[in-house]
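Participant:
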């Protein structure tokens with residue numbers, strides 16, 4: 001389906017060779033000050049041609065707002081927006097069209113629809129994400145103004161080049177010894193707590209650790225020179241999310257977040273908090289003990305949970321990681337088969353991103369904002385409704401929310 | 001929300017101290033032969049008390065079908081079913097109720113609802129999954145009869161004890177050298193292609209590799225003896241899924257599957273195909289070249305994609321892995337804080353699973369079946385609709401599905 | 001689908017010959033005091049055997065709460081409830097099974113599902129409405145406590161016996177003369193403003209006008225004596241609904257309300273406010289001019305709109321009317337055809353309601369409450385979200401909500 | 001919400017003063033030949049300026065397809081389309097802005113959103129329906145090609161001027177005598193069976209009975225001359241819908257159809273088949289006896305049900321009627337109050353339709369097509385799924401669909 005969300009609903013359209021790509025955002029709160037520049041800034045971070053590491057196509061990707069806003073203020077009605085496809089000619093026929101590109105969507109789109117766009121992969125095109133990024137920028141503007149929520153994503157690995165300490169290594173090869181296990185290092189905790197978009201954007205690779213960013217750059221250049229491609233991971237942190245978001249049992253916060261992230265093209269993996277590594281750590285070390293915070297609220301000493309417990313946010317920073325595979329389109333020849341099964345060799349023409357993670361950073365942020373926005377609206381509906389009821393007096397005191405500070 | 005799916009819709013209810021837990025399954029195809037035993041077999045694999053590695057409570061968990069079936073055949077109307085909670089007394093007040101259990105859902109449920117069940121974590125209770133397992137068993141019966149689809153999940157790690165070769169190790173510590181990278185070993189490919197539920201169930205730990213299963217058992221015993229807990233991972237393979245399932249752009253197959261898996265209690269991570277490891281492999285090695293299969297269809301030589309490309313199944317085996325954290329409830333004392341912030345020490349009473357993965361195997365299978373069932377129905381709606389149209393003649397031949405064999 | 005609502009979601013199950021009928025209510029606000037008696041009172045008004053005008057079966061229809069409530073307080077988690085079917089034996093085969101009952105659902109259920117329940121009409125059974133009535137009673141309890149909302153439905157016609165002045169007659173047969181047109185009489189306005197459930201229940205026919213109620217009774221007795229049946233209409237008024245409910249453009253208040261009402265068995269017609277009659281009245285007479293109310297708010301002088309303008313409630317009383325056809329099952333012989341087309345004569349066995357409207361009154365009330373509850377939650381999500389934004393200062397003053405009183 | 005449908009999903013956007021209005025249509029079957037002219041023809045029937053009975057604004061309303069189509073064939077991906085608003089300047093401030101227009105949406109939009117478009121009624125503008133009409137034209141093209149489904153709507157009344165015999169009158173004023181009752185006359189049955197769009201469009205009023213059309217015209221002219229407005233009704237017939245559509249219990253065919261129709265601006269009433277009149281007719285006369293049709297299928301002798309029984313289509317013609325109130329905007333002065341409660345007199349400026357029903361005809365057809373399309377896709381999913389199961393052999397023969405002819 002091309003719609004995401006229950007109350008804040010984003011519907012996107014468009015593939016790479018049609019007139020435009022865009023989205024309708026339904027359910028945006030009214031009264032939000034919104035200028036095209038609020039959206040354009042994230043579209044610019046997503047668009048191609050930002051550096052010599054990405055495809056050299058230089059599309060402007062200017063957003064055109066169609067509805068739902070007057071005098072720079074949202075009306076509460078659907079916001080429609082679009083970005084024109086500069087080059088919308090249907091793809092010319094060529095010999096390479098006889099081949100479904102390996103690990104691309106040509107084959108599956110044809111199987112699913114019985115027909116496919118001339119560009120091949122249809123909606124699996126990266127251009128589809130323009131609508132998401134624009135919708136996410138709207139959500140982000142609201143979240144920042146109303147809650148001070150901050151969402152910062154960054155590249156945490158390219159190929160085997162990892163940001164130091166994003167996840168700690170097991171202390172030894174002794175599989176039975178987990179004493180020294182630390183799922184998240186102090187250094188990484190500091191990064192999560194402080195990293196800004198400015199830091200992220202200070203290097204085109206969007207890794208906030210300059211030395212690592214340089215090594216990542218070299219890795220991408222190497223892939224490019226080899227007419228090859230390389231994958232990577234993005235880590236994202238969200239700060240100031242209030243406790244209580246997430247809708248058990250099927251729309252738990254991390255389930256909806258994972259859904260959103262795994263719908264981004266080229267993603268193959270998602271983990272929240274300590275993730276896969278954390279499964280190796282015993283409960284006594286993995287549990288996050290509670291402490292009284294300075295503001296009187298209850299917080300947690302560690303945060304292996306990644307800000308979510310029982311599928312509901314607990315007010316701590318939310319952090320998660322997404323794996324992006326190497327781009328399927330590579331210029332070197334691949335031994336494969338045509339649609340009719342005839343074996344042959346295919347070499348992609350044109351120019352392509354050798355690595356998608358730098359440009360995927362704003363997409364991850366956008367999807368995160370869309371998820372939080374929707375979950376916030378649902379939770380606010382519940383809280384407002386409950387607040388109108390007479391106080392409950394018949395319950396044991398441990399079952400009712402009390403002031404948690406003296 | 002407590003409903004999952006668009007056409008095949010599962011709605012669950014219940015927490016651990018209420019009268020019963022159960023589900024309404026709406027949208028099941030009519031005419032399916034369905035006996036209580038089809039459901040009970042999976043409930044039995046999920047229920048506690050199966051071995052001395054799980055909680056010693058011995059609940060029978062008998063399914064009671066309420067509607068939607070006559071003479072052992074589904075009517076197409078909602079199937080309601082329930083399992084009684086043998087012990088439904090509200091939890092007695094105790095001193096430990098002053099404490100939110102660290103990394104459990106007590107705190108977040110209270111923050112979300114302003115009230116919580118006497119049992120603490122409300123719907124985060126493992127008993128909630130009974131409705132899922134029952135619904136999944138119904139979907140599985142259909143999928144097997146109509147498509148020959150097989151779903152087999154198994155424990156692939158407990159703590160640091162991993163099934164050999166579930167994911168290959170990088171060949172060297174040289175991060176720039178990825179020549180020898182193999183995301184999935186031959187041994188693991190063989191396991192995915194052949195593993196059966198009988199093999200999985202031949203050891204109580206539900207790991208199909210006897211030697212590893214024994215080491216996993218020792219690891220759990222060690223956790224139990226230490227009044228501690230340990231996490232693990234489950235890998236699942238799905239065979240015979242037809243190509244074409246998955247609904248771009250937001251309900252791509254892996255996005256919906258990830259959503260389903262991450263809604264299972266205690267999950268923190270999900271990856272499909274080569275997952276996180278695959279992000280380190282260049283495209284030239286990670287891509288799955290096409291080959292003509294014996295049945296004339298197009299297949300892929302390797303399957304790093306895990307059966308999904310562009311968010312749509314390609315007919316190859318689907319495999320994925322889920323990370324389960326260590327259970328939060330442990331018997332040893334934890335330094336933490338009370339709801340009001342007062343520091344103190346909490347030791348859980350009662351008996352709990354030291355490791356959830358053996359019992360989570362049927363839950364993973366159930367959610368996989370529910371996802372496939374719903375996606376199949378949606379895709380069948382599209383295919384049937386398209387098949388009723390006059391043939392398209394104006395399109396370039398590369399855009400239309402043709403017989404792919406001579 | 002068997003689920004209704006977006007945030008307050010009701011899923012029902014059950015047909016007449018299965019073990020039980022019931023519902024899962026998801027999204028109920030937490031902290032609501034709820035006793036079984038709150039639900040039972042409306043189930044009692046719905047159940048058969050209340051008078052000699054309804055089917056003489058005397059089912060107890062006792063509600064059994066399964067989940068979502070502890071100590072008489074809702075937890076915010078799904079509330080599951082069920083009512084046992086006392087007689088759940090599958091219908092015995094008989095010669096009359098060869099015939100689809102005319103205007104009943106036997107034929108269409110068989111066509112839709114390729115299989116049908118032994119009772120024939122499957123989910124078109126009146127017993128299906130038990131889940132709705134129970135869910136509606138929960139919603140009503142909330143709406144009354146939190147908003148003082150009152151919902152009262154009553155029988156406004158049986159056959160040709162109409163409550164006086166429910167809709168005024170055109171003043172003359174001159175189609176071009178609409179001077180004297182009055183869509184709603186003063187007497188009817190008074191009734192809408194004051195009618196209570198006690199008044200409605202003071203006569204078994206549930207018409208609050210004693211003289212008319214008596215004539216309606218005679219009409220039903222005449223139908224019963226003739227082994228025939230008769231239809232009727234129900235009018236419903238809702239008081240104290242706040243302005244702002246309804247979700248344009250597709251989920252306008254009256255669209256969702258009409259959906260809900262037309263999903264009740266045997267309904268064929270719905271109108272709100274002046275309805276069909278109002279289409280004959282020119283705008284100058286049909287428009288509802290604004291006036292300042294005593295409480296300072298803006299109200300309307302007349303209320304032909306029925307409390308809804310532009311698909312959104314305006315704070316005035318909401319009133320609407322639903323048409324129920326004559327029950328299809330009648331005891332007299334009908335010339336019709338068998339499933340295989342063979343002509344023949346069918347006379348229904350058993351005993352059936354000769355008129356459904358008296359028992360349908362609580363069903364109408366229930367569906368109204370469910371609609372309001374869901375729309376309230378959605379609107380509260382929006383209002384709460386908007387209230388957290390900084391004030392909008394750039395808009396012309398006529399575009400922003402101001403205090404409407406000096 | 002601005003999205004309608006489950007599988008065939010239409011999302012619209014736009015109000016009267018923004019850049020464009022339009023829609024995203026998601027879930028359209030792939031392989032459908034679709035030209036802009038397929039859509040434009042219905043947009044032309046909806047646009048203003050068609051005759052001197054409608055507003056003299058002459059907007060071209062040209063459709064611009066954005067995505068989802070290549071070489072004139074649908075790809076199965078979202079179809080986005082838009083129509084530019086020729087005059088998109090925000091409304092100038094004026095003294096009349098102090099007044100909410102009586103029975104218009106100015107007041108309720110402001111109450112709902114706390115802000116309103118400068119044009120006043122926001123999405124209640126008739127221009128919002130452009131997206132619906134375009135989406136409906138796409139659905140209609142499919143329904144016609146794949147099923148031969150015909151949808152024809154026409155004006156059945158303007159004010160008190162009714163098409164003869166759309167519903168029969170009671171034969172006498174004796175409320176107890178219903179012997180001569182006929183809910184639908186023979187003449188009307190003939191009209192339903194034969195009426196074409198060409199006949200409907202042969203008169204600008206879109207009533208297929210020339211003499212009545214002329215009287216309706218005079219009635220509208222009279223309203224216009226009086227600076228007043230007048231309401232009316234539209235009747236719609238749908239032919240060749242297969243049996244089995246409709247999704248009990250909440251999405252019964254008539255419930256979903258009623259929802260769709262009551263979401264059209266200015267609608268206040270909906271009835272299917274014999275509707276309100278039919279409630280006065282006893283079951284023995286109202287029931288539709290079965291007969292064997294020439295094609296061997298089972299049909300019904302009469303069709304008071306309007307093609308739907310138990311919420312499911314039975315293969316007979318579907319017919320229904322919608323009531324549209326008189327337009328709220330009239331040029332004569334109205335005594336009303338300002339937003340702040342100050343009494344005063346408001347006279348609308350500009351030019352407005354004195355009666356909306358002629359232009360609403362294509363909107364009704366569009367919403368009907370959208371409903372059928374979505375229900376067809378859901379039912380096809382079920383039928384296809386059921387057809388893949390082994391035959392059921394354990395059921396009594398009366399419970400299973402058999403060939404109904406020798």
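Residue numbers (the UniProt record's numbering), protein chains in the order written: chain A, 1 to 406; chain B, 1 to 406; chain C, 1 to 406; chain D, 1 to 406.
Ideal Cβ placement from N, Cα and C applies to all residues, glycine included.
Given the structure is predicted, the values throughout are model-derived calculations rather than measurements.
1) Looking at the C-beta of residue 319 of chain B, does it have a partner C-beta in chain A at a distance below 8 Å?
2) In chain order, what residues of the segment 15-27 of chain D put their CB closer than 8 Å to some CB of chain A?
3) When the Cβ atoms of the segment 384-397 of chain B are set against those of the segment 251-271 of chain B, are three or more pairs found closer than 8 Å?
4) Closer than 8 Å by beta-carbon distance: list the chain A residues that pair up with residue 392 of chain C, in chain order.
5) For residue 286 of chain B versus residue 325 of chain A, is the C-beta spacing smaller than 8 Å?
6) Between which residues of its own chain and residue 156 of chain B is the CB-CB distance below 6 Å, once the five residues before and five after are set aside?
7) Can you check which of these residues, C:133, C:302, C:309, C:239, is closest to residue 264 of chain D by C-alpha distance?
8) Only counting the same chain, and skipping five residues up and downstream in sequence, which positions put a Cβ closer than 8 Å to that of residue 345 of chain B?
9) When the Cα atoms are used, what is the spatial distance from residue 138 of chain A to residue 321 of chain B?
10) Just mark residue 218 of chain D as buried or exposed, buried being the case when its beta carbon has 16 or more other beta carbons within 10 Å.
11) Going by beta carbon distance, what residues of the same chain come within less than 7 Å of residue 302 of chain C, once the five residues before and after it are set aside?
12) Measure the C-alpha to C-alpha separation of residue 266 of chain B and residue 314 of chain A and round it to an integer number of angstroms.
13) Going by beta-carbon coordinates alone, are residue 152 of chain D and residue 196 of chain D separated by less than 8 Å?
14) List the residues of chain B that residue 386 of chain D touches, going by C-beta distances under 7 Å, in chain order.
15) Among all the DSSP beta bridges, which residues are the ones paired with residue 151 of chain D?
16) Looking at the unbroken beta strand (DSSP E) that takes in residue 271 of chain C, where does it start and where does it end?
17) Flag residue 76 of chain A as yes if its beta-carbon sits less than 8 Å from any beta-carbon of chain C, otherwise no.
18) Output yes if chain D places a C-beta closer than 8 Å to the C-beta of residue 136 of chain C; else output no.
19) Measure from the alpha carbon of residue 50 of chain B to the alpha carbon of each residue in B:382, B:384, B:203, then state which is nearest.
20) Taking the alpha-carbon of residue 208 of chain D as reference, which of D:59, D:28, D:366, D:358 has the nearest alpha-carbon?
21) Distance check for residue 30 of chain D and residue 371 of chain D, CA to CA, integer angstroms please.
22) When you compare only the Cα positions, how much space is there between residue 318 of chain B and residue 81 of chain D?
23) Using 10 angstroms around the beta-carbon of residue 169 of chain A, count the other beta-carbons present and answer buried if the total reaches 16, otherwise exposed.
24) Please report whether the beta-carbon of residue 314 of chain B lies at a distance below 8 Å from any beta-carbon of chain A.
25) Under 8 Å between beta-carbons, which chain C residues line up against residue 326 of chain B? List them in chain order, please.
26) Return the residue from the list D:117, D:99, D:52 that minimises the CA-CA distance to residue 17 of chain D.
27) Between the C-alpha atoms of residue 8 of chain A and residue 374 of chain A, what's the straight-line distance to the nearest angstrom?
28) Identify the contact partners of residue 117 of chain D in chain A, using a Cβ-Cβ distance below 8 Å as the criterion.
29) For residue 12 of chain D and residue 131 of chain D, I'd like the C-alpha separation in whole angstroms.
30) Output, in chain order, the set of chain C residues within a Cβ distance shorter than 8 Å of residue 40 of chain B.
Facilitator: Let me lay it out:
1) Mapped onto the second chain, residue 319 of chain B falls at position 319. So no, residue 319 of chain B is outside the interface.
2) 15, 17, 18, 19, 20, 21, 22, 24, 26, 27: these are the residues of the segment 15-27 of chain D whose beta carbon lies less than 8 Å from some beta carbon of chain A, given in chain order.
3) In short, these stretches do not touch, since the Cβ pair count stays below three.
4) As a first step, residue 392 of chain C is located in the third chain; it is residue number 392 there, counting from the start. What residue 392 of chain C touches in chain A: 31, 33, 73.
5) Along the second chain, read from residue 1 onward, the residue named residue 286 of chain B stands at position 286. Along the first chain, read from residue 1 onward, the residue named residue 325 of chain A stands at position 325. In contact: residue 286 of chain B and residue 325 of chain A (Cβ atoms closer than 8 Å).
6) Translated into positions along the second chain, residue 156 of chain B becomes position 156. Setting aside the 5 residues that flank it on each side, residue 156 of chain B is surrounded in the same chain by 163, 166, 233, 235, each with a C-beta closer than 6 Å to its C-beta; the list follows chain order.
7) The count along the fourth chain starts at 1 and reaches residue 264 of chain D at position 264. Nearest of C:133, C:302, C:309, C:239 to residue 264 of chain D, Cα basis: C:309.
8) Your numbering for residue 345 of chain B matches position 345 in the second chain. Closer than 8 Å at Cβ, skipping near neighbours: 333, 334, 335, 336.
9) To locate residue 138 of chain A, count along the first chain from 1; it is residue 138. To locate residue 321 of chain B, count along the second chain from 1; it is residue 321. Their backbone Cα atoms lie some 34 Å apart in a straight line.
10) In the fourth chain, counting from the first residue as 1, residue 218 of chain D sits at position 218. By the 10 Å Cβ count, residue 218 of chain D comes out exposed.
11) Position 302 of the third chain holds residue 302 of chain C. Answer for residue 302 of chain C: 288, listed in chain order.
12) Stepping through the second chain from its first residue, residue 266 of chain B is reached at position 266. Stepping through the first chain from its first residue, residue 314 of chain A is reached at position 314. Residue 266 of chain B and residue 314 of chain A: Cα-Cα distance of roughly 15 Å.
13) On the fourth chain, position 152 is the one that residue 152 of chain D refers to. On the fourth chain, position 196 is the one that residue 196 of chain D refers to. Taking 8 Å as the Cβ cut-off, residue 152 of chain D and residue 196 of chain D qualify as a contacting pair.
14) Start at 1 with the first residue of the fourth chain, and residue 386 of chain D comes out as number 386. Neighbours of residue 386 of chain D on chain B, chain order: 29, 30, 31.
15) The residue given as residue 151 of chain D occupies position 151 in the fourth chain. Beta-bridge analysis with DSSP links residue 151 of chain D to D:238.
16) Numbered from its first residue, the third chain carries residue 271 of chain C at position 271. Note, residue 271 of chain C: beta strand (DSSP E), 267-272.
17) As a working mapping, residue 76 of chain A is identified with position 76 in the first chain. Yes, residue 76 of chain A lies at the interface with chain C (some Cβ there is under 8 Å from its Cβ).
18) Start at 1 with the first residue of the third chain, and residue 136 of chain C comes out as number 136. For residue 136 of chain C, the answer is no, since every Cβ of chain D falls outside 8 Å of its Cβ.
19) As a first step, residue 50 of chain B must be located in the second chain, where it is residue number 50. The shortest Cα separation from residue 50 of chain B among B:382, B:384, B:203 belongs to B:203.
20) Counted from its first residue, the fourth chain places residue 208 of chain D at position 208. Taking residue 208 of chain D as reference, the option from D:59, D:28, D:366, D:358 with the minimal CA-CA separation is D:358.
21) As a working note, residue 371 of chain D is residue 371 in the fourth chain. As a working note, residue 30 of chain D is residue 30 in the fourth chain. Whole-angstrom Cα-Cα distance: 18 Å.
22) Position 318 of the second chain, counted from the first residue, corresponds to residue 318 of chain B. Position 81 of the fourth chain, counted from the first residue, corresponds to residue 81 of chain D. Cα-Cα distance, rounded: 37 Å.
23) In the first chain, residue 169 of chain A corresponds to position 169, counting from 1. Because the pLDDT of residue 169 of chain A is 38, which lies under 50, any placement of that residue in the model is unreliable, and the number read from its coordinates should be weighed accordingly. That one is exposed.
24) If you number the second chain from 1, residue 314 of chain B lands on position 314. At least one chain A Cβ lies under 8 Å of residue 314 of chain B.
25) For the purposes of this step, residue 326 of chain B is taken as residue 326 along the second chain, with counting starting at 1. Correct list: empty, because the minimum Cβ distance to chain C is about 25 Å.
26) Numbered from 1 along the fourth chain, position 17 holds the residue referred to as residue 17 of chain D. Among D:117, D:99, D:52, the Cα nearest to that of residue 17 of chain D is on D:117.
27) Reading the first chain from its first residue, position 8 is the one you call residue 8 of chain A. Reading the first chain from its first residue, position 374 is the one you call residue 374 of chain A. The straight-line gap from Cα to Cα measures roughly 5 Å.
28) For the purposes of this step, residue 117 of chain D is taken as residue 117 along the fourth chain, with counting starting at 1. The contacting residues are 70, 75, 77.
29) Counting from one through the fourth chain, the residue named residue 12 of chain D turns up at place 12. Counting from one through the fourth chain, the residue named residue 131 of chain D turns up at place 131. Near 6 Å, if we compare the C-alpha coordinates of residue 131 of chain D and residue 12 of chain D.
30) In the second chain, residue 40 of chain B corresponds to position 40, counting from 1. In chain order: nothing, as chain C lies at least about 16 Å away.
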